[in-house]
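Here's the structure, in structure tokens; my notes come after.
4 protein chains.
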Amino acid sequence: MMPEPFRYSFRVRLHDTDAAGRLFFGHLFRHAHDAYESLMAHVGLPLERLIAEGRILLPLVHAEADYHRALRQGETVAVSLLIDEIRTRSFAVRYRFETDDGQLAATARTVHIQINGDGTPAGRLSDDIRNALDAYLALDPEGS
Amino acid sequence: MMPEPFRYSFRVRLHDTDAAGRLFFGHLFRHAHDAYESLMAHVGLPLERLIAEGRILLPLVHAEADYHRALRQGETVAVSLLIDEIRTRSFAVRYRFETDDGQLAATARTVHIQINGDGTPAGRLSDDIRNALDAYLALDPEGS
Amino acid sequence: MMPEPFRYSFRVRLHDTDAAGRLFFGHLFRHAHDAYESLMAHVGLPLERLIAEGRILLPLVHAEADYHRALRQGETVAVSLLIDEIRTRSFAVRYRFETDDGQLAATARTVHIQINGDGTPAGRLSDDIRNALDAYLALDPEGS
Amino acid sequence: MMPEPFRYSFRVRLHDTDAAGRLFFGHLFRHAHDAYESLMAHVGLPLERLIAEGRILLPLVHAEADYHRALRQGETVAVSLLIDEIRTRSFAVRYRFETDDGQLAATARTVHIQINGDGTPAGRLSDDIRNALDAYLALDPEGS
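Protein chains in written order, with this note's numbering: chain L, 1 to 144; chain P, 145 to 288; chain F, 289 to 432; chain D, 433 to 576.
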């Protein structure tokens, strides 16, 4: 059975748009990461604590997005997140961005690798992270 | 009697911070404008409608901020807005940014001038705008 | 024979970094697009003219990046661009981001589709665009 | 005699603009800080070194800008910087933003205070900073 996604929403702001009148594509990743930060806080692993403690960092090694329709200022966007995949020392998050009327506006995927505070790769994903994310693990990973 | 301010809040995100570990000062203006967009939508003048209609634009002619203490990732910030001043063809908004514990983190002020769709200055602020903002007009303008 | 890539460079600024001390991943796309804007201006198709004329728009339908090593404030990054693929109504740009010492820091790829000013898909890529990009067409497309 | 200002330039990019077709006001501060970072590197005090060493930080306590005319995508903007004022533990930078044709598009001013690595205020501006900035000290401070 598919887990319930983590939900997040945002409103497209003037500074999100560009002179072509639509969301500047790069800003979608900012909103994706905001949603991911909320997920991590929700599962008890706020990024600010990880950064402050300095033992575990989870930098992105990959990010991608597909844009299905333009987003414009004032639109409310519902984001749903699932963990796409958990590997030895990395995990992937997938995002769906939908407008109020249920239309799919975009999808995205980010891959995060665990490194130690000194920048060396972690041997394996910490149990805390693995356990926290497990509740959101999708059962039909969309590999890239 | 002082009017009740318009209230807005946001969370400081990783991308708001810089390598010095604190909110990058310029991003405060992005959040100020988000709050202002919310105020304008609340009073029935959503900026996206003004921009789409193209008859009235309200570009900023001045912006300023004072920073009282560092804001860090994960902090929730309450913004309260009041209209600082309404002039012939412009108005000013003032913002207070407070953290959860009630500490003042920053203040800001933006001045918006009404121009016509073709870029020429408006003769005077439209009645719609004047009336909409009047409910938030502070009684002790802090001129700059 | 491989064409000479289009070259662009930028310096990592404080606002590009986050509290983890490294370039926030999403900002790489801003720099990628800056490089793409420079390429388009260089080949005689400045985006501002396309947007002003309103007949042709080239929104992104896909963007992706792989991050090989952290970028930090003050580093100079050399970007080289090639056209990865030209299709009926779209084209793809690939980017390599290298630091001063020649290390690969990241790669990216963006796919742009031609649409008409009214938002409908173009029948085919305009000859102007096709011809302008042809000089940078890589001979070993990395499809995704 | 007035010192020669420090000069910096940038091009207005698509992501700098918003749906109203002009530079989003808040982004001017990003460019101002880029120019300031360049100045600091030029005088031998690159911010990345100060941040890495962690003994001296120079956070902003005030920022302001006046906008004289809209900036649009593709425009090249020349920024000239002067040190507006050097005080016991702070200094101010002023910026002029001009377009190619010599028109004044905006001015800005930022005030930076020296703090110690632990966040406490510095007793006084370090001699290194004072000496480095002195060559750019304007002789007609525009206090605010």
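Cβ coordinates follow ideal geometry from the N, Cα and C atoms, glycine included.
Everything numeric in this text was worked out from a predicted model, so none of it was measured.
For residue i, name the three-state secondary structure that DSSP assigns.
i: F/H350; result: strand
i: P/R166; result: coil
i: F/E336; result: helix
i: D/G575; result: In this prediction, D/G575 has a pLDDT of 48, which is less than 50 and means its spatial position is unreliable; what the coordinates show is noted afterwards. D/G575: coil per DSSP, three-state reduction.
i: D/A564; result: helix
i: D/L460; result: helix
i: D/H500; result: coil
i: F/L370; result: strand
i: P/R151; result: strand
i: D/S522; result: strand
i: D/E507; result: coil
i: L/A122; result: coil
i: F/A329; result: helix
i: F/A323; result: helix
Taking only heavy atoms of the ligand HEM into account, decide whether any of them is closer than 8 Å to the Cβ of residue i.
i: D/T539; result: This structure does not include the ligand HEM; it has no bound ligands of any sort.
At a CB-CB cut-off below 8 Å, which residues of chain F make contact with residue i?
i: P/T161; result: D306, A307
For residue i, return the contacting residues in chain L, with the cut-off set at a CB-CB distance below 8 Å.
i: F/A393; result: Simply none; closest approach about 12 Å.
i: P/L191; result: L14, Q73, G74
Report the option in the options whose CA atom is closest to the CA atom of residue i.
i: D/A464; options: D/D559, D/R562, D/A537; result: D/A537
i: L/T76; options: L/G102, L/L60, L/D66; result: L/G102
i: F/G411; options: F/R357, F/I344, F/T387; result: F/I344
i: F/L316; options: F/L425, F/T398, F/A426; result: F/T398
i: P/I227; options: P/H159, P/L191, P/A276; result: P/A276
i: P/R151; options: P/G263, P/N260, P/F235, P/D178; result: P/D178
i: F/R277; options: F/T387, F/E373, F/T408, F/G407; result: The requested residue 277 of chain F does not occur in the structure, where chain F is confined to residues 289 to 432.
i: D/L482; options: F/L369, F/L427, F/L302; result: F/L302
i: P/L303; options: P/T232, P/R233, P/V237; result: Since the displayed chain P opens at 145 and closes at 288, residue 303 of chain P lies outside it and no answer follows.
i: F/A366; options: F/F313, F/T387, F/N404; result: F/T387
i: D/G549; options: D/S470, D/R462, D/L571, D/P491; result: D/P491
Would you mind telling me which residues of chain L sit closer than 7 Å to residue i, beta carbon to beta carbon, in chain order?
i: P/R174; result: H15
i: F/I339; result: A19, A20
What's the C-alpha gap between residue i and residue j?
i: D/S576; j: D/H494; result: For D/S576, the pLDDT reaches just 43, beneath the cut-off of 50, and the residue's location in the model is therefore unreliable, leaving the point undetermined.
i: P/A163; j: D/Y499; result: 29 Å
i: F/G342; j: P/M146; result: 48 Å
i: L/Y71; j: L/V12; result: Looking at the sequence provided, one finds Leu at residue 71 of chain L rather than Tyr. C-alpha separation (whole angstroms): 7 Å.
i: F/Y424; j: F/S297; result: 17 Å
i: P/Y239; j: F/V331; result: 45 Å
i: P/Y180; j: P/L189; result: 11 Å
i: L/M40; j: P/F241; result: 25 Å
i: D/Q505; j: L/L125; result: 44 Å
i: F/I401; j: F/R310; result: 32 Å
i: P/E208; j: P/T251; result: 8 Å
i: L/F91; j: L/D128; result: 13 Å
i: L/D134; j: L/P5; result: 12 Å
i: D/R501; j: P/G263; result: 10 Å
i: F/S326; j: F/A340; result: 17 Å
i: D/E480; j: F/G314; result: 21 Å
List the residues of chain F whose Cβ lies closer than 9 Å to the Cβ of residue i, in chain order.
i: D/H474; result: The contacting residues do not exist; D/H474 stays about 12 Å from chain F at best.
Taking residue i as the query, report the chain P residues whose CB atoms sit under 8 Å from its CB, ordered along the chain.
i: L/E4; result: What L/E4 touches in chain P: nothing, since even the nearest Cβ is about 23 Å away.
If the cut is a Cβ gap below 7 Å, which residues of chain P does residue i touch?
i: F/F312; result: L158, H159
i: L/D34; result: R157
Using a Cβ-Cβ distance cut-off of 9 Å, determine whether residue i contacts chain B.
i: D/A540; result: Here chain B cannot be found, since the structure's protein chains are L, P, F and D.
Name the chain D residues that come within less than 7 Å of residue i, Cβ to Cβ?
i: F/E325; result: R445, L446
Mind listing which residues of the stretch 484-516 of chain D have their C-beta closer than 8 Å to chain F's C-betas, in chain order? R504, Q505, G506
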